[in-house]
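Taken in sequence, the protein lines are chains A and B. Its first residue numbered 6, the first sequence is counted upward by one per residue in our numbering. Its first residue numbered 6, the second sequence is counted upward by one per residue in our numbering. The C-beta atom is built at its ideal place from N, Cα and C for all residues, glycine as well.
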Amino acid sequence: MATERSTDGESWYGTDEGVNQLRGRLFEWGCLGAMLFGIAMVFALLAYVALDAIRPLTADPGWHLVFFLTLVAPTTALVGYYARRDRQAGWVGATATALPAFCLLVGSGVALLLVEVVQPIEWFGTTLALLVAAGIVYAHRRFRARPAEFERTLVAVATLAFAVVGVPGAIPSLSRLLQNAPLALNHATMMLYSFAAPVAILAGVVVARRRESRRDGGVAAVLTFVGGVLAVVTAPTVGISDHLLVVVGLSVAVPTALYVEAVVRRRDNLAGLALPVVAYAGMFVGAAAVAALGFAGPEAWLDWQFLTRAHSRFAEEAGIYPALVGSIMMMLVVVVSAFPVGVAAALYLEEYAPDGGTAGRVVGLIETNIANLAGVPSVVYGLLGLALFIRYADMNTGSVVVGGLTVGLLILPIVIISSQEAVRAVPDSMRRASYGMGATKWQTVRNVVLPEALPGILTGSILAFGRAIGETAPLLMIGAAAVVFSPPSSFTEKFSAMPRQIFAWSHEPAGEFRYGVLAAGVITLLVVLLSMNAAAILVRNKYQRRS
Amino acid sequence: MSNENVTTSSPEPEPNADESLASPTPGTAAVESDAATRATNAGRTVIESRNLDVYYGDTQALDDVSIEIPEKQVTAMIGPSGCGKSTFLRCINRMNDLIDSARVEGDLLFQNKNVYDDDVDPVALRRRIGMVFQQPNPFPKSIYDNVAYGLRLQDRTENLDEQVEQALRGAALWDEVKDQLDESGLDLSGGQQQRLCIARAIAVDPEVILMDEPASALDPVATSQIEDLLDELAEDYTVVIVTHNMQQAARVSDKTAVFLTGGELVEFDDTGKIFENPEHDRVEDYITGKFG
Numbered sequence: 006m007a008t009e010r011s012t013d014g015e016s017w018y019g020t021d022e023g024v025n026q027l028r029g030r031l032f033e034w035g036c037l038g039a040m041l042f043g044i045a046m047v048f049a050l051l052a053y054v055a056l057d058a059i060r061p062l063t064a065d066p067g068w069h070l071v072f073f074l075t076l077v078a079p080t081t082a083l084v085g086y087y088a089r090r091d092r093q094a095g096w097v098g099a100t101a102t103a104l105p106a107f108c109l110l111v112g113s114g115v116a117l118l119l120v121e122v123v124q125p126i127e128w129f130g131t132t133l134a135l136l137v138a139a140g141i142v143y144a145h146r147r148f149r150a151r152p153a154e155f156e157r158t159l160v161a162v163a164t165l166a167f168a169v170v171g172v173p174g175a176i177p178s179l180s181r182l183l184q185n186a187p188l189a190l191n192h193a194t195m196m197l198y199s200f201a202a203p204v205a206i207l208a209g210v211v212v213a214r215r216r217e218s219r220r221d222g223g224v225a226a227v228l229t230f231v232g233g234v235l236a237v238v239t240a241p242t243v244g245i246s247d248h249l250l251v252v253v254g255l256s257v258a259v260p261t262a263l264y265v266e267a268v269v270r271r272r273d274n275l276a277g278l279a280l281p282v283v284a285y286a287g288m289f290v291g292a293a294a295v296a297a298l299g300f301a302g303p304e305a306w307l308d309w310q311f312l313t314r315a316h317s318r319f320a321e322e323a324g325i326y327p328a329l330v331g332s333i334m335m336m337l338v339v340v341v342s343a344f345p346v347g348v349a350a351a352l353y354l355e356e357y358a359p360d361g362g363t364a365g366r367v368v369g370l371i372e373t374n375i376a377n378l379a380g381v382p383s384v385v386y387g388l389l390g391l392a393l394f395i396r397y398a399d400m401n402t403g404s405v406v407v408g409g410l411t412v413g414l415l416i417l418p419i420v421i422i423s424s425q426e427a428v429r430a431v432p433d434s435m436r437r438a439s440y441g442m443g444a445t446k447w448q449t450v451r452n453v454v455l456p457e458a459l460p461g462i463l464t465g466s467i468l469a470f471g472r473a474i475g476e477t478a479p480l481l482m483i484g485a486a487a488v489v490f491s492p493p494s495s496f497t498e499k500f501s502a503m504p505r506q507i508f509a510w511s512h513e514p515a516g517e518f519r520y521g522v523l524a525a526g527v528i529t530l531l532v533v534l535l536s537m538n539a540a541a542i543l544v545r546n547k548y549q550r551r552s
Numbered sequence: 006m007s008n009e010n011v012t013t014s015s016p017e018p019e020p021n022a023d024e025s026l027a028s029p030t031p032g033t034a035a036v037e038s039d040a041a042t043r044a045t046n047a048g049r050t051v052i053e054s055r056n057l058d059v060y061y062g063d064t065q066a067l068d069d070v071s072i073e074i075p076e077k078q079v080t081a082m083i084g085p086s087g088c089g090k091s092t093f094l095r096c097i098n099r100m101n102d103l104i105d106s107a108r109v110e111g112d113l114l115f116q117n118k119n120v121y122d123d124d125v126d127p128v129a130l131r132r133r134i135g136m137v138f139q140q141p142n143p144f145p146k147s148i149y150d151n152v153a154y155g156l157r158l159q160d161r162t163e164n165l166d167e168q169v170e171q172a173l174r175g176a177a178l179w180d181e182v183k184d185q186l187d188e189s190g191l192d193l194s195g196g197q198q199q200r201l202c203i204a205r206a207i208a209v210d211p212e213v214i215l216m217d218e219p220a221s222a223l224d225p226v227a228t229s230q231i232e233d234l235l236d237e238l239a240e241d242y243t244v245v246i247v248t249h250n251m252q253q254a255a256r257v258s259d260k261t262a263v264f265l266t267g268g269e270l271v272e273f274d275d276t277g278k279i280f281e282n283p284e285h286d287r288v289e290d291y292i293t294g295k296f297g
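Okay, structure coming up:
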């Protein structure tokens, strides 16, 4: 047959009617168009909001010129070099540049909690108690090599309870006793003892392991602690409280230093380290030059005072600070409530629930309904939170706990489903290997399934938390405040969260609120959200490379 | 890996030779010395099945299998695909329990005790009968942690370093990995991974090692390393190996069981006899490649 066709005088390898690829091409272009359209729309929206929030056109042309010369041009040139010559170094540079910024966000979050929720003395006391408890548990481990069933768990729980609750209860004067102790206790030293010291030890251990040298580890630990002291000393010139600067400074410096150390030690892609130097130096030089030459920067809505002030009647003075703190506190409740419950439920459904028979069908029904619950509108969850937590459990209307628990319920199905997928992705050969070694089900789940599934569980859950932080409707239903002027000082107080605050601004009659302040709030929310997603990606990449 | 390690923490004392059933071959008294046992091709029965039937749902996978597997020898199970040889292997350490639809009838005795009795805990059973799978399946942990896994499960963590080294030496892997014990077990080559799995199995010093086509996913060099290893393992352990490679069975095993379609054990005898002068024509046809 083939021979007959080729004798027509036409070549068999040609692109004549024999092979028609037109339909496939059209389909490909259609897909491309859809993708471009979607992305373009999202970017247009983001650009529009960012333009409103920052208002770059209100700056002096000289300001733009200075920053172009000091920051944009050198960075772009360097990125261009990486793209053409040295991709690997480019990735190293991008990580080294992004890491401090990311750590700054996280460290600021911790510092916020220190200012608003936990007092330094409480933090210090808790750290001390945990330290004592850990010491007792360690000693028990050393001296009881063959403990009875559950003995270790019991000891751990008992010591923890005793150290955190029992001792302060038994010796009420302990806090005064501590304050009078010759430790020169004040906010700064407390943070040095209870934050800088543990971080220093941690950094020391990491470095000692990496370099296989105790001396290097010791040097790293001492350097870290000295860094903390330095933060206390320099705090007055920076203009932040000293104990907060310890937290923020070390949160930024330690991970960055560890990363840089790793790059330098491996001696590959050292060129990448030029990027953060150029970018951050450019920023500082630019700022100094602008100040010296007297160029005015843009009158951005999103500025330092926006982040640190509460709402005001005047748009220029309005800020998002109480809502930002409220959001972070609410997220703490969400994580603490939804994550353990969701992971446990997923583990039961995947590892323990029966497969066949009537019980199996019931399990199947439950799983289907969990998937349905993930699609239930958030307003309905708000109603559920209102009924469950406020009407029946009689909690405070619009308090942080109620908000957190309600939003936690909302994302619980998502956490369950993504954790289930992660657990299911653990290859069966791993489980078989473990059972074949004579492991019990619990040992298999704890030693093999959970560690293998954890990156997937974390990735999925963090994305779910990202959804939680943006939820508005449930907060409206449970009565979160539209406007609060001071952040909640405890978890049972009324609060406002960022999306709730943004929603309130959208009702303000003044246009400045609806275009300027609102846009700044949206950008703040997005930055927090994107950094959470970045954390998810980091976690996933870190573990993918290992397996 | 030698037997000295078990002493302190093994849950039960070593089984007594007197308990054994009537031995299929004469010379049971010689059990105590390993080398002699193997040389005289004699041993007491460790695993015995009597009229064993296994069903997966409605499908019968094993049909009336009776066999007596001698101690400290290599027993090979051969036969065409789907003949039930792997099913039989999984019956021995009750890995079939993990398959919901599997149903076992008949007796399977290990150390004279029916492993399907109600008072037998499959977890305890699997601690005495190790298993190596077809695909190398090390855990995504370090080499050290892989080998130490079973020991930690049983809280036998005294002299852990020493026990890990012993196991790796026993699996002929120590010299290749002694400088990279902290690296992931998944970074090893296929053959090394399989030997790591063997080290993991022998670390807890079981009495029997079951191997389900341990070399079928490996290249010829790695395969021959595993085969050499089998020979050494048989000095300390009873080895039951499933293979569909007849040359391999002929090379490594002392006894050979031939399963044919339908889950039927057709013939079980000394390997030499099976390959040179089988009783059944069907076995001869299979071995000479006329079918299967």
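Members of the segment 415–448 of chain A near chain B, C-beta cut-off 7 Å
S434, M435, R437, A438, Y440, G441, M442, G443, A444, T445, Q448
For the ligand ZN, is there any heavy atom lying closer than 8 Å to the beta carbon of A:L110?
Ligands are entirely absent from the displayed structure, and the ligand ZN is therefore not among its contents.
For A:D360 and chain B, any beta-carbon pair shorter than 9 Å?
yes
Keeping to the same chain, check which residues put their C-beta closer than 6 Å to that of B:Y242; ignore five residues upstream and five downstream.
I214
A:F230 beta carbon less than 9 Å from that of A:A201
yes
Does any residue of chain A bring its CB to less than 9 Å from the CB of B:V209?
yes
Under 9 Å between beta-carbons, which chain D residues line up against A:E156? List them in chain order, please.
Of the protein chains in the structure, A and B, none is chain D.
Residue nearest to B:Q65 in terms of C-alpha spacing, selected from B:E110, B:L173, B:R133
B:E110
Smallest Cα separation from A:A267: which of A:L110, A:V97, A:L352?
A:V97
Own chain, CB closer than 7 Å to A:P79, minus 5 neighbours either side, in chain order:
V283, G287
If I follow the unbroken beta strand (DSSP E) through A:N191, where does it start and stop?
No beta strand (DSSP E) contains A:N191, which DSSP labels as neither H nor E.
Would you check if the distance between the CB atom of A:A478 and the CB atom of A:P418 is smaller than 9 Å?
no
Would you call the CB atoms of B:A227 and B:A204 closer than 9 Å?
no
What residues in its chain sit with their C-beta under 6 Å from that of A:A64, if we drop five residues either side in the sequence?
G302, P303
Cβ contact (3+ pairs, closer than 8 Å) linking the segment 129–144 of chain B and the segment 418–428 of chain A:
no
Output the distance between the C-alpha atoms of B:K146 and A:P432, rounded to the nearest integer angstrom.
15 Å
Going by DSSP, what residues sit across from B:R108 in a beta bridge?
B:Y60
Could you tell me the alpha carbon to alpha carbon distance between B:S258 and B:V244, rounded to whole angstroms?
9 Å
Mind checking B:N151: buried by the 16 CB within 10 Å criterion, or exposed?
buried
From A:V84, A:F155, A:V488, A:G222, pick the residue whose C-alpha is nearest to that of A:A213; which is it?
A:G222
Neighbour flag for B:E75 against chain A, beta carbons, 9 Å
The residue you asked about is not Glu; residue 75 of chain B is Pro in the sequence shown. Answer no: the Cβ-Cβ gap between B:P75 and chain A never drops below 9 Å.
Quick one: any contact between the segment 289–297 of chain A and the segment 102–113 of chain A, if contact means 3 or more CB pairs under 8 Å?
no
What separation, rounded to the nearest whole angstrom, lies between the Cα atoms of A:R270 and A:K547?
19 Å
Secondary structure, alpha helix (DSSP H): runs of 4+ residues fully inside the segment 328–379 of chain A:
362–378
For A:V571, which residues from the same chain have a beta carbon less than 7 Å from its beta carbon, with the 5 sequence-adjacent residues on both sides left out?
The structure shown does not extend to residue 571 of chain A, since chain A is modelled only from 6 to 552, so the question has no answer here.
A:F344 and A:S466 - do their beta-carbons sit closer together than 9 Å?
yes
DSSP state of B:A66 mapped onto helix, strand, coil:
strand
By a C-beta neighbour count over all protein chains shown, 10 Å radius and 16 as the cutoff for buried, is B:S71 buried or exposed?
exposed
Spell out whether any CB of chain B is found under 9 Å from the CB atom of A:P79.
no
For A:R272, three-class secondary structure by DSSP
coil
Close Cβ partners of B:L114 (< 6 Å) along its chain, the five nearest in sequence each way excluded
E53
With a cut-off of 9 Å, does the C-beta of A:P456 fall near any C-beta of chain B?
yes
Which of helix, strand or coil does DSSP assign to B:G135?
strand
Any chain B beta carbon closer than 9 Å to A:V450:
no
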